[in-house]
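Read the sequence shown against the numbering used here and you will find it ends at 1521, with the numbers running on by one and no gaps.
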Amino acid sequence: MGSSQITGKYEKKITNVHSLHKIKNLSKRIDRMDKRILEIENEKSKFEGKVIQLEEDNAQLEKDNILLRNENIELKNENIQLKAWIDEMENNNIPLVNEDTKYGNVSKNELTKTSQYH
């Protein structure tokens, strides 16, 4: 064997070792990237869960808002009925009594002030 053949064999081995080293480095990079992809997918699923929870919370708040609007309408209607009743009592000269405050002959203005809803 000549020296050029030996040198050629070593060069081939060095090239193979260098290629193996590159492959190992690439493999490590791929592993790190795979790990990061899994982390991102986990974060994504957490955020998707939060989005779903927020959508459910929003739907419940919308239902609660509708109930509160309906209750507000009912209270306004009750207020109108109370004002009409006060007017009727006053027109018939019936003295109004406020049992809660123990005052007799409470005026229409006083009852109207205490029964206002905003």
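From the three backbone atoms N, C-alpha and C, an ideal C-beta is built for every residue, glycine too.
In the structure shown, the three-state DSSP call for isoleucine 1497 is coil. Asparagine 1496 and aspartate 1490 have their C-alpha atoms roughly 10 Å apart. CA-CA distance, asparagine 1473 to serine 1448, rounds to 38 Å. For the pair asparagine 1461 and phenylalanine 1450, the Cα-to-Cα distance works out to about 16 Å.
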